[in-house]
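The working numbering applies: residue 22 is where the sequence shown begins, and numbers increase by one. No residue lacks a Cβ here, since even glycine has one placed at the ideal position from N, Cα and C. Comments concern the structure below.
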Amino acid sequence: MKSTPVIKRRAERARREFLHDALAGLRASPKRLPCKYFYDKRGSKLFDQICQLDEYYLTRCELAIMERHAEEMGQQIGRGVMLVEYGSGSSVKTRYLLDGLPDPAAYVPVDISDEHLHETARELQRDYPRIEILPVCADFTTDFTLPVSNVESTHAAVYFPGSTIGNFLPSRATELLERITRLCGTGGGLLIGIDLQKDVRTIEAAYNDRRGVTAQFNLNLLRRINRELDGNFDLEQFAHRAIYNARLGRVEISLVSRRAQVVALGGEVFEFGNDEPIHTEHSHKYTIDGFAAMAAEAGLTLRREWTDKDGYFAVAHLAIGP
Ligand code: AVJ
């Protein structure tokens, strides 16, 4: 991509925000870093690798559900929809859904990564010439407006796959669901992928793969801080940790200091004790009932859900209103 003054200014602002968030997280006790910064180019590649791991059942299960039930989902969502996808990565699952939708009006992929977004949009437009593709570059955790389509839509529905909702604490997840309710309005809906609670071993294996890809993915956050923010984390001196907290229904992921050490960033020094963690990510696991109760608080009613043969993962359809 060309480096115009506008792009340079945007990159500089993103860098300042990253530095601000990293410093705030490292000053906090316990220390933490936001998981949204996992996904630079290398991090996105590592995540794609995670999705292909034997242990990482989530992607495999969700794809199987989509492959098997996309048509029913399409019927459930209904004709003339403007389908809005949150965090539309490379949209493999989306294709199943687009194939299953009866007469969709438009498809609106929403993503913060400009480049990725427009590339996928072009590919989809080529493969789906009869659906209007209207990419929106935005952060879906903030307010944004829907584009106007040429073909008038009868209603809007959000597609939020991948169990990405699991990264948000319940209070924040409810806020995000409220946002979806407001965005779609009456007649709207939500099709969402959620990872279900199951035995600890299966869950923990998914976040502690034998090949150590997840560890590399987690450590990439420190690598990125070193590269982009001129930090001096010694990657050898931090270990990946992922533990399932069954009481709170979430995997707690962190980077643990292998010894007492000092790290410099942005003119500040941060002391680490031996075994001290930096919390990097939560991955919440739900029961269908628990998720439905949370969604109800945000004005959404569970209409139907589909699961894989093992009951590991669910794709749920919810309608706005009672
Ligand atoms: C993209 C948030 C669904 O929580 O399973 C995978 C991210 N982190 N391995 C998840 C992740 C470590 C993933 N989500």
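Taking the beta carbon of Glu140 as the centre, do at least 16 other beta carbons fall within 10 Å, making it buried, or is it exposed?
Counting Cβ neighbours within 10 Å, Glu140 comes out exposed, since fewer than 16 surround it.
Taking 7 Å as the cut-off, does the CB of Gly187 come closer than this to any heavy atom belonging to ligand 1?
Yes, since a heavy atom of ligand 1 falls inside the 7 Å radius drawn around the Cβ of Gly187.
Applying the 10 Å Cβ sphere with the 16-neighbour rule, what's the burial state of Glu173?
Burial check for Glu173: the Cβ neighbour count within 10 Å stays below 16, so the residue is exposed.
Write down the C-beta distance between Ile213 and Ile186 rounded to the nearest angstrom, noting that I regard them as a contact closer than 8 Å.
Cβ-Cβ separation between Ile213 and Ile186: approximately 6 Å, consistent with a contact (criterion under 8 Å).
Three or more C-beta pairs below 8 Å linking the segment 295-304 and the segment 317-336
Flag = no, the segment 295-304 and the segment 317-336 do not touch.
When DSSP builds the beta bridges, which residues end up paired with Asn266?
Arg271.
Contained beta strand (DSSP E) runs [length at least 3] in the segment 209-291, N- to C-terminal order:
Correct list: 210-216, 259-266, 271-278 and 282-286.
Nearest-angstrom Cα distance between His300 and Ala260?
Their Cα atoms are separated by approximately 12 Å.
Whole angstroms are fine: how far does the CA of Arg271 sit from the CA of Phe189?
Whole-angstrom Cα-Cα distance: 10 Å.
Of the choices Glu196, Arg53 and Leu250, whose alpha-carbon is the least far from that of Glu273?
The alpha carbon of Glu273 has as its nearest neighbour, out of Glu196, Arg53 and Leu250, the alpha carbon of Arg53.
Quick one, are the C-beta atoms of Asp216 and Lys114 less than 8 Å apart?
With respect to the 8 Å criterion, Asp216 and Lys114 are not classified as neighbours on the basis of their beta carbons.
Which residues in the same chain as Leu40 place their Cβ atom closer than 7 Å to its Cβ, once the five residues preceding and following it in sequence are excluded?
Leu250 and Gly287.
Within the continuous beta strand (DSSP E) that includes Arg100, where are the two ends?
Careful: Arg100 lies outside any beta strand (DSSP E) and carries neither H nor E.
Closer than 6 Å by C-beta to Glu92: which residues in its own chain qualify, once you throw out the five before and the five after it? Chain order, please.
Contacts found: Gly121.
Could you pull out every unbroken alpha helix (DSSP H) segment of at least 4 residues lying fully inside the segment 131-162, listed in chain order?
Listed in chain order, the alpha helix (DSSP H) runs fully inside the segment 131-162 are 135-148, counting runs of at least 4 residues.
To the nearest whole angstrom, what separates the beta carbons of Leu323 and Ala335, a pair I think is in contact under 8 Å?
Rounded, the Cβ-Cβ distance is 10 Å, inconsistent with contact.
Give a yes or no on whether the C-beta atoms belonging to Glu76 and Ala227 are separated by under 8 Å.
With respect to Ala227, Glu76 sits close: the two C-beta atoms are nearer than 8 Å.
According to DSSP, is Lys66 helix, strand or coil?
Lys66: helix per DSSP, three-state reduction.
Spatial distance of Thr175 from Arg100 (CA atoms):
Separation of Thr175 and Arg100 (C-alpha to C-alpha, rounded to the nearest whole angstrom) is 8 Å.
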